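Read left to right, the sequence shown gives residues 288 to 693 (the numbering used here).
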Amino acid sequence: MAETVIDAGLVVDGTDEEPIRDARIVIEDGRVADVGTQESVRVPDGADHRAYPEATVTPGLIDAHLHLSGARTMDPMDWAIESTELGAVRATADLRSLLSAGFTAVRDVGSGTGLALREAVADGDVPGPRVFTSGRAISQTGGHGDSHFLPYEWVDDGGISTLADGPADCRKTARKRIRDGVDLLKIMTTGGVLSEKDSPRQAQFTDEEIAAMVEEAHRVDVPVASHAQGAPGIKSALRNGVDTIEHGFHMDEEAVELFHRRDAVFVPTLSIMHKIVTEGDEHGVPEWGLKKSRAARETHFEAVERAHEAGVPIAVGTDFIGPELVPHGGNVLELELLVEECGLGPLEALRGATGVAARTLPENDVGTLEPGAHADLVVFDGDPTRDIEAVRAVEQVYKGGEAVSL
Ligand SMILES: [Zn+2]
288 MAETVIDAGL VVDGTDEEPI RDARIVIEDG RVADVGTQES VRVPDGADHR
338 AYPEATVTPG LIDAHLHLSG ARTMDPMDWA IESTELGAVR ATADLRSLLS
388 AGFTAVRDVG SGTGLALREA VADGDVPGPR VFTSGRAISQ TGGHGDSHFL
438 PYEWVDDGGI STLADGPADC RKTARKRIRD GVDLLKIMTT GGVLSEKDSP
488 RQAQFTDEEI AAMVEEAHRV DVPVASHAQG APGIKSALRN GVDTIEHGFH
538 MDEEAVELFH RRDAVFVPTL SIMHKIVTEG DEHGVPEWGL KKSRAARETH
588 FEAVERAHEA GVPIAVGTDF IGPELVPHGG NVLELELLVE ECGLGPLEAL
638 RGATGVAART LPENDVGTLE PGAHADLVVF DGDPTRDIEA VRAVEQVYKG
688 GEAVSL
């Protein structure tokens, strides 16, 4: 197969290495074959040679926390009563928007659509980023994933969560997810903002329940992500072996210590919280959701800043779900918030959306430009390592070495 060569003014490779000026990337069979300076890397004979002298090239971006549920409103009642089929069809449009915005891989952490979408994208039936999915999340009864506003009898296995209670039931539900072929397990160890009758500070699931789900997942090398906002639920998740903490509003020193011990990754999802607090009232977010978001806002920023200073790896994840308030395609907001509100440098935010985000996934051939990785690239007009807003200026996207039509 003919090779493609891409020259760029600057290349960020997604690892801890410094960016390369006047760089060259050689692509063979959809994967990165070589990266270096234009002086050091030869252009193979007959290669398709493209040059972006003023641009910055990074690995394709990864949103490590979103939902491909195809939601179009912020009302949890709509999420509970709309069909999964309608959600899946709408989500194909969301996948296209994500790809155009430079996202070539996404981690769907709770949906009834993710498994089917993963297959449709992999088969080339619909354009989109590589999909890694947990399928439906697992919540306790009365937990964050339960639709509290409905009579219990009406809540079935629909929506974005399944309810499980007791170690045996949790174990069986985890095994069912693994049987479905999920890429990760998503559990919920605290209450949340968009769940009516619980609070972010309340811990959910017992140690025995968490340990049962983690044991099943790890036995087959499936990572486990936990929705965890209050410190007790963050710590019970980490103590019992969870690999990534989602949201993490209230972080204490002990939690930071557990992150290090577990080598866990933090996915703060500042974006959805920011959008709910600043514009949620105009977009139909229920009053109880607005209230809980406002209460968490400052501690959330502080928690991320403190975790970052303590060396906890921070991955980019938006928690976007599709409606106008939190639209797929607007996901680079997370990089801007990490830089503007939480003290990350622009290069650190870019790593958070590439190499670090890839650590939340079960396979490691995305997120960097190391030889052998998928040749998923974004060409930005400008230099986002200096001015993070340049992440909005996407000039070209490559997935598996092929230019994507934007
Ligand atoms: Zn989420």
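C-beta: ideal position from N, C-alpha, C; glycine also.
No experiment lies behind these values; they were computed from the predicted model shown.
- Of the residues assessed, T647 falls on the buried side of the cut-off, its CB having 16 or more other CB atoms within 10 angstroms.
- For A367, the closest of V313, W441, V298 by C-alpha to C-alpha distance is W441.
- About 6 Å separates the beta carbons of A590 and H537, which is inside the 8 Å limit, making them a contact pair.
- Counting C-beta pairs with one atom in each stretch, the stretch 391 to 400 and the stretch 368 to 380 have three or more that are closer than 8 Å, which means they touch.
- For G617, the CB stays at least 8 Å from every heavy atom of ligand 1.
- Judged by DSSP secondary structure, K522 falls within the alpha helix (DSSP H) whose first and last residues are 518 to 526.
- When beta bridges are read from the DSSP output, I293 appears opposite I312, R337.
- Using a Cβ distance threshold of 9 Å, F390 and N618 count as a contacting pair.
- Ligand 1 has a heavy atom closer than 8 Å to the beta-carbon of T556.
- Shortest Cα-Cα distance from R308 to any of H431, D494, D381, A342 involves A342.
- Between the alpha carbons of V665 and A455 lies a gap of roughly 45 Å.
- Taking C-alpha positions only, L557 is separated from S384 by approximately 20 Å.
- DSSP places I307 within a strand segment (E or B) once states are collapsed to three.
- E533 is bridged by DSSP to H514, V554.
- Contact check for H595 against L622 fails: the beta carbons are separated by 9 Å or more.
- Annotation for H352 indicates a beta carbon within 8 Å of some heavy atom of ligand 1.
- Sequence-distant Cβ neighbours of F667 in its own chain, meaning closer than 8 Å and more than five residues away, are A342, T343, V344, T345, G389, A677, V678, A680, V681, E682.
- Judged by their CB atoms, H514 and I474 are nearer to each other than the 9 Å cut-off.
- At least one heavy atom of ligand 1 is found less than 8 Å from the C-beta of E533.
- If only complete runs of 4 or more residues are kept, the stretch 352 to 434 shows the alpha helix (DSSP H) at 363 to 368, 371 to 387, 401 to 409, in order along the chain.
- Membership of V643 in the alpha helix (DSSP H) is indicated by the continuous run 642 to 645.
- Our two residues, D467 and S421, have alpha carbons roughly 9 Å apart in a direct line.
- Here E689 carries a strand assignment [DSSP, helix/strand/coil].
- The C-alpha of T449 is placed about 18 Å away from the C-alpha of L353.
- A residue is called buried when at least 16 other Cβ atoms come within 10 angstroms of its Cβ; Y439 does not meet this threshold and is exposed.
- Short of 7 Å from the beta carbon of A640, and not among the five residues preceding or following it, lie these beta carbons of its own chain, in chain order: L348, I349, V603, L622.
- Judged by their CB atoms, P610 and M361 are nearer to each other than the 9 Å cut-off.
- In the DSSP assignment, V666 is bridged to V344, Q683.
- Per DSSP, the unbroken beta strand (DSSP E) holding T449 starts and ends at 448 to 450.
- Contact check for A551 and N527: beta-carbon distance about 12 Å, past the 8 Å limit, so the pair fails to qualify.
- Residue environment analysis places E496 among the buried positions, since at least 16 neighbouring C-beta atoms fall within 10 angstroms of its C-beta.
- With a cutoff of 8 Å, G397 counts as near ligand 1, since its C-beta is closer than that to a heavy atom of the ligand.
- With a threshold of 8 Å, the Cβ atom of H587 does not count as near ligand 1, since no heavy atom of the ligand is closer than that.
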